[in-house]
Amino acid sequence: MTGKSSTYWTERAEAADEARKAQQLEIARNMIVAGIEMALLVSGSGLQAIEEVEHAVSGWLATHNAALTAEVEAIETKGSA
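Numbering (this note's numbering), first residue to last: 452 to 532.
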């Protein structure tokens with residue numbers, strides 16, 4: 452819960468939001484696996500597929516580095532408080 456007073460309906464809405472988020476994350480994981488499978492099928496090599504994944508993740512990290520850094524700093528700050 453969020454610390455605010457809740458009713459039956461807000462609890463139901465929050466539970467539905469969590470279920471939807473879990474479902475969306477499962478879909479995202481399946482899409483990642485599908486991308487790896489496609490890289491394997493196209494390249495014909497498991498090693499090449501892994502290299503393609505590494506290349507994709509490197510690009511993603513470069514794009515989102517500032518947000519990730521801020522998130523890590525927030526976690527580190529919270530842990531030292």
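Just so you know, even glycine gets a beta-carbon here, dropped at the ideal spot from N, CA and C.
Counting other Cβ atoms within 10 Å of its Cβ, A517 stays below 16 and is therefore classed as exposed.
In the three-state reduction of the DSSP assignment, S509 falls in the helix class. Under the three-pair Cβ rule at 8 Å, the stretch 482-490 does not count as touching the stretch 457-473. The DSSP-derived three-state label of G495 is coil. About 15 Å separates the CB atoms of S509 and A500; that is not less than 8 Å, and the two are not in contact.
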